[in-house]
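Below is one structure; the comments refer to it alone.
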Amino acid sequence: MSATTAIQTSGKSNKASRKTFPVTGMTCAACAVSVESMLKSSSGVSDAGVNFANQTAWAEYDEKQTSPLELQKAVRSIGYDILVDVENPTEVQEELQHKHYQEIKHRTIWASILSLPVVVLGMFFMDAPYSPWISMILTAPVLFWFGRSFFINAWKQASHGKANMDTLVALSTGIAFLFSAFNTFYPEFWHQRGLHPHVYYEAASVIIAFISLGKLLEERAKSNTSSAIRKLMGLQPKTVKIIIDGAEKEVPIASVDKGDIIMVRPGEKIPVDGKVISGSSYVDESMISGEPVPVEKMKDERVFAGTINQKGSFQFKAQKVGSDTLLAQIIKMVQEAQGSKAPVQKLVDKISGIFVPVVIGIAILTFLTWMLLGGENAFTHALLTSVTVLVIACPCALGLATPTAIMVGIGKGADNNILIKDAESLELGHKVNAVILDKTGTITEGKPVVNSVDWNSKAADMNTLKEILYSLEIKSEHPLAEAVVKHLQESGVSGAEVSSFESITARGVKGVAGNNTFYVGNRKLISENNIRIDERLAGKAEIYQQKANTVVYFADQDEVLAIIAIADKVKETSAKAIKALQEMNIEVYMLTGDNQQTAAAVAHEVGITHYKAEVLPSDKADFIKELQSQGKIVAMVGDGINDSHALAQADVSIAMGKGSDIAMDVAKMTLITSDLLAIPKALKLSKRTVQTVRQNLFWAFIYNVIGIPLAAGVLYSYNGFLLDPMIAGAAMALSSVSVVTNSLRLKASNLE
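All residue numbers for the sequence shown refer to my numbering, where the first residue is -11 and numbers rise by one.
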C-alpha cells in the first residue's frame, strides 16, 4: 500500500499531482495550521490542506518544480514530518505515535523525579551548603535533556519568524537557569552590590515537569484516536469464493470483477454488492439499517458488502466491487465527515500567538527602560526585572487552565457512566440545541422480545401445545423464532416430538405432532392454508400491529391456537430522558431505518414529535448537515455501524456502550449505561466544565495582568518596591495551585 495517491489534473499544461501523506508530530489544531501554511508556501504547490482528525496532509503541486521529498523537507523544518513512499503508512504512523508517547512518558516521569528534590531544596533549604550546586546538577538534565523538545521547537519556530507556548517555556526556563547558574558560580557579583544571589532552579524544573505532564495527557488522548476506518475495512473479507465453470475457487477480494458468481455460506460476510441468483437465507444488515432482525434474501434480492449471512447458503452475481460498494461509500463518508471539521482550536493556542510575543516584548522593554533610567544599579535591576517578568509570565497556570478542568470533567463523566474520548465534545456539548436519536438500540433495547402471548380460549392442553410450539421454533431459521424460544425457555417449557418439519420460505414453518399438523408463521401462512382465526385474536393482532409489534401465529390445521406479539421494547427511561432534553430547550429528533408505522408508534410512546423513517446512513448524515446549515449545534446518539457516518458528521457524537465498536470509535462520548438519562447529564457536565475553564483562564490572565507590571518594577519609583524573582516563582506556583483547586470543584457538582 503506497503512502500517496496521485491524480493528474486535466486542463493544465504542466503535470500536476495531488498526493496525500500521513503526518506525524501534530498535537493540536495549531500544529495543523502550521503544517498547512508551510506546504502552501512551498515552491510549486498550488494548494494544500491538513486533516487533523485523520493526521494526514494533501498537496497539489507541479512535479517539475517540487517533489514529495522537498515537501517533507519543508515540513520537517518546522518540527513535523510527513511519510513519503512508505509501505503500510497507517501502521508506520501508529507505531511512530506510540513511540512518541512512550518518549514523552519517559521524559515526564524523570523530569518529575528530578524536580522533586530541587523544589524541596529551593523552598526549605535554600541557604544550606552546596544547595545551589545540587539543584543546578539536578535541573540541567530536566531542562536540556528531558525538556529539550521545548528548546528545539522554539528554535524551529523562531527560524521561521513564529512563536508559540514552547517559545515562552524555553525562554523563561532557559533564562531562569542561566541566571541561577551565574549566581551559583559568581555569587560575589551580587554580594558586592549588597544583594543576595537567589537561584530559581526549582521554578525552571517544575515548569518543564508540569508542561510535560500536559503534553503527555494530550498525547495519550491522541494515541487513542479512532480506528473506525480500519474496523470498517475489516468488515470486508480478504478472500472470496467464486464459481468458475461450475467449480468453486477461492480468490483475493481485489480480483473480483463485476459479473462474477460468488458463493456465500452460513456465517460468512458478504464481500461485495450484488443480486441473489440462487438459494435463500437471512442476512444481518444492521450495519446499513440498524435494525436487529436479519432480512430474508431470495432470488433477485440485493445484498451488500460487509453484511453477515446467517444460516442459509446462496449464490449471487457481483454488481458493485471495490470503491463502488455501499461499505466503501460508508468508509468514504466517515473519512470526509471527520476531515470536514477540525477540532475546535483551544483558546490557549489562539492567544499564545499574541501572548508570547507581548511577554517577550515587555521583558525586553523592561530591560531597556531600566538600563536607561535605572541609575547606579541599572544593569542589576534591568536583569532582575526582565527575568522576573519572564518567570512570572510563565504559561504554567495558563497551560493548566484547560487540561485540569478537562481531566476533572472526564473523571466526573466516568463517575456518571459517561466516557469522554475528546475534549472537543466537552467544549461543544453545552451549546447543543438539537439531539438526534437512533431508534434501535438507543431508544429501544435493540433486540426483539416477546411482549405478549394470547391463547385461543378453545385451546386444550396448553402445556403440550407450548412444547410443540417450542420444538417448531427451535428448528426454525427465522430470527424471530429465537425470541419465542427464549420466552418459552424462561417459562420452563421443554420440547415435544415433532416429525415432518418443513420451512416454508417467506411464510414460516410447519410440522406434525401426533395426528395433527401445526403451523408457526405470518398471516399469509394462515390465509393460504384456510385456517380460521376467531374475532378476539384477530382484533388483538390488529392492535399489536398498530403498536409496531410483529405478530406470529401458531395454529393447527383447523384454527389459530395463539398469537405472539414480538417487538423491540422501548427502554424504561427513554421517555424521561427525552423529556429532560426538551426541558433544556433542546429539539429532539428520531431517525430510523425501520418502517413508518413502527417509527410513529415508538415516537408517540416516548414523546418525540420530529421523526423520520426508512432512512439510510447517508440520509442521517444529510439531515444533520441540514440542521447544521440552519445554525444548530447537533448531537447524534447511535449504536450501530449504520450510525457511524452521522456520528462523524455531528458536532457532538455519543455512542451507546452496548453498540458496535465502530460506533464507539467514531463517537467522542460513549455511554457505559444503556440509560438515556446519561445524555442530559453529559450536556450539563459540558456546561460546568466550560464554565470552569473560563474561570481558570480568567484567573490566569488576571494574575498576569497584575503580576507582569509588578515584575517590571512599576512601583519602584513610588515606594522602592521591586518584586524578587523568587517571590515571582512562588506566585507562579500559587497561580497554578489556584487553577487546579478551582478545577477540582467540578467533582462536587450535581448533574441531576
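Yeah, the Cβ is synthetic: ideal placement off N, Cα and C, and Gly gets one too.
8 Å or more divides the Cβ of I621 from the Cβ of K409. Of the residues G162, F138 and D69, the one whose Cα lies closest to the Cα of V375 is G162. Within the region 405 to 434, complete alpha helix (DSSP H) segments of at least 4 residues are found at 411 to 416, given in chain order. Contact annotation: the region 469 to 489 does not touch the region 511 to 530, with fewer than three C-beta pairs closer than 8 Å.
Here DSSP, grouped into helix, strand and coil, assigns S641 to strand. For N504, the secondary structure class from DSSP, reduced to helix, strand or coil, is strand. With a minimum length of 4 residues, the unbroken runs of alpha helix (DSSP H) contained wholly in the region 82 to 169 fall at 119 to 129 and 136 to 147. Residue state for M657 is assigned as strand, using DSSP reduced to three classes.
Check the Cα spacing between S29 and each of V63, W133 and M14: the tightest is with V63. Residue state for T8 is assigned as strand, using DSSP reduced to three classes. In the displayed model, K287 falls within coil according to three-state DSSP, outside both helix and strand. Assigned with DSSP and collapsed to three states, E593 falls in helix. The beta carbons of Q533 and V540 sit about 12 Å from each other, so the pair does not count as a contact at 8 Å.
Judged by DSSP secondary structure, T677 falls within the alpha helix (DSSP H) whose first and last residues are A666 to A700. DSSP lists G496 and Y541 as the beta-bridge partner residues of G509. Our two residues, M14 and E48, have alpha carbons roughly 21 Å apart in a direct line. Annotated three-state conformation of L71 is coil, per DSSP. Per DSSP, F302 is one residue of the beta strand (DSSP E) stretching across S301 to K308. According to the DSSP assignment, Y270 belongs to no alpha helix (DSSP H) but to the beta strand (DSSP E) extending over D261 to D272. Beta-bridge annotation (DSSP): Y599 is paired with M578. With a cut-off of 8 Å on Cβ pairs, the region 688 to 701 is not in contact with the region 669 to 677, counting fewer than three such pairs. DSSP, read as helix, strand or coil, puts N451 in helix. Residue environment analysis places P259 among the buried positions, since at least 16 neighbouring C-beta atoms fall within 10 angstroms of its C-beta.
When the five nearest sequence neighbours on each side are left out, the beta carbons in the same chain lying within less than 7 Å of the beta carbon of M450 are those of W443, in order along the chain. Per DSSP, the continuous alpha helix (DSSP H) segment holding I612 begins and ends at P605 to S617.
The continuous beta strand (DSSP E) containing K237 extends over residues A235 to P240. If you draw a straight line from the Cα of H179 to the Cα of F170, it comes to about 13 Å. DSSP, read as helix, strand or coil, puts A192 in helix. Assignment of I554 by DSSP, reduced to helix, strand and coil, places it in the strand class. One Cα belongs to S103, the other to T392, and the distance between them is close to 20 Å.
DSSP places I566 inside the alpha helix (DSSP H), whose first and last residues are S562 to E571. Taking the CA atoms as reference points, R511 sits about 10 Å from I551.
Counting C-beta pairs with one atom in each stretch, the region 53 to 63 and the region 147 to 159 have fewer than three that are closer than 8 Å, which means they do not touch. Going by DSSP, K229 is part of the beta strand (DSSP E) stretching over T227 to I232. DSSP places G626 in the uninterrupted beta strand (DSSP E) bounded by V622 to G626. Residue pairing of W443 in beta bridges, as defined by DSSP: A550.
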